[in-house]
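Engineer:
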Amino acid sequence: MNLAKISANGQITVPVEIRRQLGLKSGDKILFIQNQNGEIVVSNASAAAIRKAQTAFAGAAEAMGVSSEDDIQALVDEVRHGKGR
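Just so we're aligned, residue 141 is where the sequence shown starts under this note's numbering, counting upward by one.
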């Protein structure tokens with residue numbers, strides 16, 4: 141269990157153990173989410189955004205016929221040279 145004190149300005153210092161577990165570093169943003177039980181969960185906002193993007197793009201590579209690093213490089217080359225798919 142970790143404990144943090146709220147300053148007069150509403151600021152808290154996230155305990156080092158929690159920062160390590162969430163992969164937080166100076167300047168990172170944290171996300172406060174209320175779950176179905178009413179509990180507040182703290183999450184690394186960057187990691188949450190990446191997970192959301194991964195979910196949104198799930199299946200996109202297969203739909204575009206991208207299955208290898210060579211396919212990705214070919215797609216990048218097409219975009220760079222304005223050829224598009």
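Beta carbons: idealized from backbone N, C-alpha and C, even for Gly.
1. Just confirm the distance between the C-beta atoms of Ala-187 and Lys-169, as a whole number of angstroms; I'd bet it's less than 8 Å.
2. May I ask you to report which of helix, strand or coil DSSP gives Val-216?
3. Between the alpha carbons of Pro-155 and Ala-203, how many angstroms are there, rounded?
4. Can the beta-carbon of Phe-197 be found less than 8 Å from the beta-carbon of Val-182?
5. So, under 8 Å CB-CB, Val-206 and Ile-212 are touching, yes? Tell me the CB distance rounded to an integer number of Å.
6. How would you call Leu-164, buried or exposed, if buried means at least 16 neighbouring beta carbons within 10 angstroms?
7. Please indicate yes or no: does the CB of Ser-186 lie closer than 7 Å to some heavy atom of the ligand GTP?
Structural biologist: On the basis of the supplied data:
1. No, Ala-187 and Lys-169 are not in contact; Cβ-Cβ is about 11 Å, not under 8 Å.
2. The answer is helix: DSSP assigns Val-216 an H, G or I state.
3. Spanning the two alpha carbons is a distance of roughly 43 Å.
4. no
5. 6 Å
6. buried
7. This structure simply doesn't include the ligand GTP, nor any ligand for that matter.
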